[in-house]
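**Q** One structure, as structure tokens, below. Some questions next.
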Amino acid sequence: PGAGGEPGMGGEPGMGGAPAPRPPRFESLGANRPEVTDTDLVTFRAWVVDPDGDLIGGQLRTPGGAVYGDFAPDAGPDRFVLTLDWATLDAVEPIDFPPGGDTARTFVAVFEDTGGRTAELDVTLTLTCGGDALCDGACTPLDTIDDCGGCGLTCAVPGQICAPQGCACPAGQVACGGRCVAAGDGDACHPVLSEVLYDLVGADARGEWVELYNGTGGPFDLTGWSLGAGGQDYTYSVLPLEGVMPAGACWVIGGPERSAGNGFPTFDLLANFTPDLQNGGAEADGLALFDVPAEALLPDTVPVDAVVYGGDANTSGLLGADGNVAPVMAGDAGEGQSIERTPAGWRVTLIPSPGECVVE
Numbered sequence: 046p047g048a049g050g051e052p053g054m055g056g057e058p059g060m061g062g063a064p065a066p067r068p069p070r071f072e073s074l075g076a077n078r079p080e081v082t083d084t085d086l087v088t089f090r091a092w093v094v095d096p097d098g099d100l101i102g103g104q105l106r107t108p109g110g111a112v113y114g115d116f117a118p119d120a121g122p123d124r125f126v127l128t129l130d131w132a133t134l135d136a137v138e139p140i141d142f143p144p145g146g147d148t149a150r151t152f153v154a155v156f157e158d159t160g161g162r163t164a165e166l167d168v169t170l171t172l173t174c175g176g177d178a179l180c181d182g183a184c185t186p187l188d189t190i191d192d193c194g195g196c197g198l199t200c201a202v203p204g205q206i207c208a209p210q211g212c213a214c215p216a217g218q219v220a221c222g223g224r225c226v227a228a229g230d231g232d233a234c235h236p237v238l239s240e241v242l243y244d245l246v247g248a249d250a251r252g253e254w255v256e257l258y259n260g261t262g263g264p265f266d267l268t269g270w271s272l273g274a275g276g277q278d279y280t281y282s283v284l285p286l287e288g289v290m291p292a293g294a295c296w297v298i299g300g301p302e303r304s305a306g307n308g309f310p311t312f313d314l315l316a317n318f319t320p321d322l323q324n325g326g327a328e329a330d331g332l333a334l335f336d337v338p339a340e341a342l343l344p345d346t347v348p349v350d351a352v353v354y355g356g357d358a359n360t361s362g363l364l365g366a367d368g369n370v371a372p373v374m375a376g377d378a379g380e381g382q383s384i385e386r387t388p389a390g391w392r393v394t395l396i397p398s399p400g401e402c403v404v405e
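Just so you know, the sequence shown maps onto residues 46 to 405 in the numbering used here.
Below, the structure is given as structure tokens:
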């Protein structure tokens with residue numbers, strides 16, 4: 046029989062087949078608030094459709110790729126949610142902006158399917174402290190004693206409050222001796238001048254002394270304090286102080302020589318006044334105690350205690366502890382005499398008594 050013919054090849058089947066894979070796509074991305082503070086929780090919601098049904102999941106990232114967290118399924122199909130707090134935002138990308146300011150931050154949502162196909166969409170929010178400052182990543186008011194006018198600026202004096210101008214004692218009080226005291230009780234919180242020998246019989250050099258009394262009720266560190274003396278202002282003869290005065294102590298500062306001419310003092314702090322203390326006369330001179338270092342003393346620095354002596358008037362305008370021109374408080378002591386503070390005020394005493402304070 047004949048071989049017959051080859052069966053017909055027929056036509057090639059159409060290309061048809063499975064449709065090409067498609068990536069997921071965003072319908073929307075949003076947050077529950079446009080501005081975020083350190084007390085807020087910010088919730089991101091994404092609506093992502095995956096035509097192929099092979100979506101793996103999604104993450105929220107920084108534009109640089111750092112990950113805030115993974116989205117979780119939300120109510121409803123194709124809905125996803127992620128909630129973050131301020132600490133997480135700061136940990137992933139440190140928050141920084143000037144006091145009273147804010148910063149814009151962009152968040153990128155990235156969803157991926159099993160084929161590695163992705164969809165991305167971003168949203169930008171404002172991070173703010175609502176007028177407060179940002180201190181170490183946390184919103185901080187700058188009106189507290191721990192952050193007064195700046196991050197970490199602490200009011201160190203007990204009793205101080207944070208006022209608009211910075212740390213200050215409450216109305217009617219002043220800072221003195223490391224604490225706030227009633228404005229009139231300044232002498233109770235720091236040592237005071239008690240007696241001064243400024244004019245010896247013969248040469249004054251290496252024999253003058255100043256007596257201080259510590260009536261604060263506790264030890265007092267003189268480090269950073271100074272004495273200043275002069276006729277035009279207190280910077281003519283300046284002496285740095287140091288050492289801790291015990292409560293009730295009566296210290297004699299000066300010398301270093303001891304003799305009958307200066308009362309044989311026992312010096313608690315040896316120091317030669319250079320130049321010598323002024324000797325009074327037709328115009329008053331003065332001596333003052335300062336709560337600033339000697340090198341920082343200026344002609345207009347206000348003392349914490351002062352005595353103006355000799356002369357009929359304070360013609361040079363030497364300042365008192367209240368910042369005003371001080372009156373003449375003691376007469377002019379003669380050679381070998383001293384001026385001494387008593388409960389009734391300053392006086393000239395004929396016989397100096399170093400180390401015997403009679404302030405109270």
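Note that CB positions come from ideal geometry on N, CA and C, so glycine has one too. Keep in mind it's a predicted model, so treat the numbers as computed, not measured.
Have a look at cysteine 225 and glycine 195 and give me their C-alpha separation to the nearest angstrom.
**A** Taking the sequence shown and counting its residues from 1, one reaches residue 225 at position 180. Taking the sequence shown and counting its residues from 1, one reaches residue 195 at position 150. Approximately 22 angstroms between the Cα atoms of the pair.
**Q** With DSSP run on the structure shown, which of helix, strand or coil describes threonine 394?
**A** Taking the sequence shown and counting its residues from 1, one reaches residue 394 at position 349. Three-state DSSP puts threonine 394 in a strand.
**Q** Which residues bound the alpha helix (DSSP H) around aspartate 135?
**A** Counted from its first residue, the sequence shown places residue 135 at position 90. Element bounds for aspartate 135: 131–137.
**Q** Under 9 angstroms, do valine 168 and phenylalanine 142 count as touching if we go by C-beta distance?
**A** Here residue 168 corresponds to residue number 123 of the sequence shown, with the count starting at 1. Here residue 142 corresponds to residue number 97 of the sequence shown, with the count starting at 1. No, the Cβ-Cβ distance between valine 168 and phenylalanine 142 is not below 9 angstroms.
**Q** Sort Val202, Gly276 and Ser282 by Cα distance to tyrosine 354 and report the nearest one.
**A** For the purposes of this step, residue 354 is taken as residue 309 along the sequence shown, with counting starting at 1. Nearest option by C-alpha distance: Gly276.
**Q** Quick one: is glutamine 382 buried, meaning 16 or more other Cβ sit within 10 Å of its Cβ, or exposed?
**A** Translated into positions along the sequence shown, residue 382 becomes position 337. Classification for glutamine 382: buried.
**Q** If we ignore side chains and look at the alpha-carbon of each, how far apart do valine 352 and glutamate 287 end up?
**A** Here residue 352 is taken as the residue at index 307 of the sequence shown, counted from 1. Here residue 287 is taken as the residue at index 242 of the sequence shown, counted from 1. Computed Cα separation, rounded: 21 angstroms.
**Q** Run through the region 153–191 for me and flag every whole alpha helix (DSSP H) of 4 or more residues, listed as ranges in chain order.
**A** With a minimum length of 4 residues, no continuous alpha helix (DSSP H) run stays inside the region 153–191.
**Q** Thinking just about the alpha-carbon of each residue, which of Phe156, Phe89, Gly356 and Thr394 is nearest to the one in aspartate 99?
**A** By 1-based counting over the sequence shown, the position of residue 99 is 54. The residue with the shortest Cα to Cα distance from aspartate 99 is Phe156.
**Q** Compute the beta-carbon to beta-carbon distance between tyrosine 279 and glycine 331, rounded to the nearest angstrom, for a pair I have assumed lies under 8 angstroms.
**A** On the sequence shown, position 234 is the one that residue 279 refers to. On the sequence shown, position 286 is the one that residue 331 refers to. Correct: roughly 6 angstroms between the Cβ atoms.
**Q** Classify isoleucine 101: buried if its beta carbon has 16 or more other beta carbons within 10 angstroms, exposed otherwise.
**A** Residue numbering aside, residue 101 sits at position 56 when the sequence shown is read from its first letter. Result: exposed.
**Q** Report all residues from its chain with a CB closer than 8 angstroms to the CB of proline 264; omit the five preceding and five following residues, and keep chain order.
**A** The residue given as residue 264 occupies position 219 in the sequence shown. Excluding sequence neighbours, proline 264 sits near Val289, Met290, Pro291 and Ala292.
**Q** Evaluate contact between the region 265–273 and the region 370–387, counting only Cβ atoms and requiring at least three cross-stretch pairs below 8 angstroms.
**A** Result no; under three Cβ-Cβ pairs closer than 8 angstroms.
**Q** Out of Asp249, Ala220 and Ile396, point me to the one whose CA is closest to asparagine 324's CA.
**A** Taking the first residue of the sequence shown as position 1, residue 324 is located at position 279. With distances taken between Cα atoms, asparagine 324 lies closest to Asp249.
**Q** Going straight from the alpha carbon of serine 73 to that of alanine 154, what length do you get?
**A** Within the sequence shown, the letter at position 28 stands for residue 73. Within the sequence shown, the letter at position 109 stands for residue 154. Those two C-alpha atoms are separated by around 11 angstroms.
**Q** Considering only their Cβ atoms, is the gap separating phenylalanine 89 from valine 137 smaller than 9 angstroms?
**A** In the sequence shown, residue 137 corresponds to position 92, counting from 1. In the sequence shown, residue 89 corresponds to position 44, counting from 1. Cβ distance not < 9 angstroms, so valine 137 and phenylalanine 89 don't count as in contact.
**Q** Under three-state DSSP, which class holds cysteine 207?
**A** To locate residue 207, count along the sequence shown from 1; it is residue 162. Cysteine 207: strand per DSSP, three-state reduction.
**Q** Can you give me the start and stop residues for the beta strand (DSSP E) that valine 241 sits inside?
**A** Numbered from 1 along the sequence shown, position 196 holds the residue referred to as residue 241. Unbroken beta strand (DSSP E) run through valine 241: 237–242.
**Q** Between the alpha carbons of alanine 132 and aspartate 83, how many angstroms are there, rounded?
**A** The sequence position of residue 132 within the sequence shown is 87, counting from 1. The sequence position of residue 83 within the sequence shown is 38, counting from 1. In a straight line, the C-alpha of alanine 132 is about 8 angstroms away from that of aspartate 83.
**Q** Kindly indicate the opening and closing residues of the beta strand (DSSP E) around glutamine 323.
**A** The count along the sequence shown starts at 1 and reaches residue 323 at position 278. No beta strand (DSSP E) contains glutamine 323, which DSSP labels as neither H nor E.
**Q** In the DSSP output, which residue or residues are listed as bridge partners for methionine 290?
**A** Numbered from its first residue, the sequence shown carries residue 290 at position 245. DSSP, once it has assigned bridges, lists Phe265 as partnering methionine 290.
**Q** Would you report the Cα separation of glycine 306 and leucine 245, rounded to the nearest angstrom?
**A** Sequence index remark: in the sequence shown, residue 306 carries index 261 (1-based). Sequence index remark: in the sequence shown, residue 245 carries index 200 (1-based). The alpha-carbon atoms of glycine 306 and leucine 245 are separated by roughly 6 angstroms.
**Q** I need the DSSP call for alanine 327, collapsed to helix, strand or coil.
**A** Here the question's residue 327 lines up with position 282 in the sequence shown. Residue state, collapsed to three classes: coil.
**Q** Could you tell me the alpha carbon to alpha carbon distance between alanine 117 and arginine 124, rounded to whole angstroms?
**A** Locating residue 117 in the sequence shown gives position 72, counting from the first residue. Locating residue 124 in the sequence shown gives position 79, counting from the first residue. Looking at the two C-alpha atoms, the distance is approximately 9 angstroms.
**Q** Between which two residues does the beta strand (DSSP E) containing proline 143 stretch?
**A** Along the sequence shown, read from residue 1 onward, the residue named residue 143 stands at position 98. No beta strand (DSSP E) contains proline 143, which DSSP labels as neither H nor E.
**Q** Short check: CB of threonine 189 to CB of cysteine 207, under 9 angstroms?
**A** Counting from 1 along the sequence shown, the entry for residue 189 is found at position 144. Counting from 1 along the sequence shown, the entry for residue 207 is found at position 162. For threonine 189 and cysteine 207, yes; Cβs fall inside 9 angstroms.
**Q** For proline 338, which residues of its own chain have a beta-carbon under 7 angstroms away from its beta-carbon, when the five flanking residues on both sides are left out?
**A** Residue numbering aside, residue 338 sits at position 293 when the sequence shown is read from its first letter. So the list reads Gly269, Ser271 and Pro285, once near-sequence residues are dropped.
**Q** Using the rule of at least 16 other Cβ atoms within 10 Å of the residue's Cβ for burial, across every protein chain shown, is aspartate 192 buried or exposed?
**A** Position 147 of the sequence shown holds residue 192. When all chains shown are included, aspartate 192 counts as buried.
**Q** By Cβ distance, which residues of its chain are closer than 8 angstroms to phenylalanine 428, with the 5 residues on each side in sequence left out?
**A** With the chain covering 46 to 405 only, the question about residue 428 has no answer from this structure.
**Q** Measuring alpha carbon to alpha carbon, tell me which residue in Leu363, Gly161, Phe312 and Val283 is nearest glycine 103.
**A** Here the question's residue 103 lines up with position 58 in the sequence shown. Considering only alpha carbons, the answer is Gly161.
**Q** Could you pull out every unbroken beta strand (DSSP E) segment of at least 3 residues lying fully inside the region 72–113, listed in chain order?
**A** DSSP runs (the beta strand (DSSP E)) wholly in the region 72–113: 86–94 and 100–106.
**Q** Give a yes or no on whether the C-beta atoms belonging to leucine 242 and valine 255 are separated by under 9 angstroms.
**A** Counting from 1 along the sequence shown, the entry for residue 242 is found at position 197. Counting from 1 along the sequence shown, the entry for residue 255 is found at position 210. Their beta carbons are under 9 angstroms apart, which means leucine 242 touches valine 255 by this criterion.
**Q** How should glycine 252 be labelled, buried or exposed, when 16 other C-beta atoms within 10 angstroms of its C-beta is the threshold for buried?
**A** One-based indexing of the sequence shown puts residue 252 at position 207. By the 10 Å Cβ count, glycine 252 comes out buried.
**Q** When DSSP labels each residue in this structure, what does cysteine 234 get in the three-state scheme?
**A** As a working mapping, residue 234 is identified with position 189 in the sequence shown. Reduced to three states, the DSSP call for cysteine 234 is helix.
**Q** Which of the three DSSP states is assigned to glutamate 256 in this structure?
**A** Here the question's residue 256 lines up with position 211 in the sequence shown. Strand.
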